[in-house]
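J.: This structure is in structure tokens; I'll ask about it shortly.
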Amino acid sequence: NIYAIEANIPQELDLYIPSAQEELYNWVNGPNRQFEAAFRIIQSGEWGEYDGFYLMEGDSVPIKAHWLDVVLSEIEVNRPFAILGAQYDGDKWDNFYEKIPISLLHHTNGNAIYNTSHPLLERLVGQLEVEAPCPYNSIPYDYRMSQMWVEGTLGIVPELAPKIMLNEEGENIILSENTDMFHKWADIWEQEDPFKYTPVIHNYAATNLIPRHLGPEYIIHGAKLYSPWNPTKTDVTLVVSEWFFDR
14 NIYAIEANIP
24 QELDLYIPSA
34 QEELYNWVNG
44 PNRQFEAAFR
54 IIQSGEWGEY
64 DGFYLMEGDS
74 VPIKAHWLDV
84 VLSEIEVNRP
94 FAILGAQYDG
104 DKWDNFYEKI
114 PISLLHHTNG
124 NAIYNTSHPL
134 LERLVGQLEV
144 EAPCPYNSIP
154 YDYRMSQMWV
164 EGTLGIVPEL
174 APKIMLNEEG
184 ENIILSENTD
194 MFHKWADIWE
204 QEDPFKYTPV
214 IHNYAATNLI
224 PRHLGPEYII
234 HGAKLYSPWN
244 PTKTDVTLVV
254 SEWFFDR
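Each position in the sequence shown, counted from 1, maps to that position plus 13 in the numbering used here.
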């Protein structure tokens, strides 16, 4: 069956404004609340008894036959896990790779399989809900969950944009201390390796690809996949491209 299920986010809160990510704490509020709603709706059992779901955005494209069967097989092979997905495999970060925080480098992209029955994921999502009105809401949900895990395992507290850390009076906002709580989570689940990766899903956001770049993946996210010119299908004698500002 196919159902269209609404997250019912009020229009004024359904925000996604990447250009304001250094200034507005709720610039990514829409996707963050949508993820929480999806998690809770599946977890509720209202639409069927499921213990997980695959969050597959519109720019995730299957490129091989039987991709869903392979995804299901990967779930069985990798149990138990809280999140099963992919890190970033594109080239957009190449010029500043060494400056990227560990929690971003190793975060699982949002296009992933989520185990709604896993107690760690329940705690992570619950913390996202708690943080909705505070500056941590300026971090996309997938990256934020990675920050929580890195803070718990390595003790690295994330830094937020300076403007986001100011209240309406221009005073610094004091955030709650969460390291001890995150550390307790890590003590319980770190040996289990709750964040797992599968070669079936590849995250290529903002990367241009041609077929020879592809390998074992069945689903690619965020890439522009170009097909080479096939002279048996299209005859091209000469192409001349030029641009003029006056016409």
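In this text, a Cβ means the ideal position worked out from N, Cα and C, and glycines have one as well. Predicted, not measured: the structure shown is a model, and the values here were computed from it.
1) Can you list, in chain order, the residues of its chain whose CB lies under 6 Å from that of serine 151, leaving out five sequence neighbours each side?
2) Taking DSSP as the reference, what is the three-state secondary structure of histidine 119?
3) When the Cα atoms are used, what is the spatial distance from leucine 97 to valine 83?
4) Runs of 4 residues minimum, wholly inside the region 92-172: which ones carry the alpha helix (DSSP H) assignment?
5) Where alanine 50 and glutamate 70 are concerned, what is the direct C-alpha to C-alpha distance, given to the nearest angstrom?
6) Looking at glutamine 100: is its Cβ nearer than 8 Å to the Cβ of asparagine 221?
7) Have a look at the DSSP bridge pairing and note the partners of valine 74.
8) Within 10 angstroms of its Cβ, does threonine 211 collect 16 or more other Cβ (buried), or is it exposed?
9) The beta strand (DSSP E) with asparagine 216 in it runs from where to where?
10) With DSSP collapsed to three states, give me the class of asparagine 42.
11) Rounded to a whole number of angstroms, what is the C-alpha to C-alpha distance between lysine 105 and glycine 235?
T.: The relevant details are as follows:
1) Cβ neighbours of serine 151 beyond the five flanking positions: Tyr38, Ile177.
2) When secondary structure is reduced to three states using DSSP, histidine 119 falls in the coil class, being assigned neither helix nor strand.
3) When rounded, the distance between both Cα atoms is 13 Å.
4) The region 92-172 contains these whole alpha helix (DSSP H) runs: 115-118, 132-143, 154-167.
5) Straight-line Cα distance between these residues: approximately 15 Å.
6) Judged by their CB atoms, glutamine 100 and asparagine 221 are not nearer to each other than the 8 Å cut-off.
7) Answer is Ile233, bridged to valine 74.
8) It counts as buried.
9) Start and end: 214-216.
10) It is helical.
11) Here the C-alpha atom of lysine 105 lies approximately 11 Å from the C-alpha atom of glycine 235.
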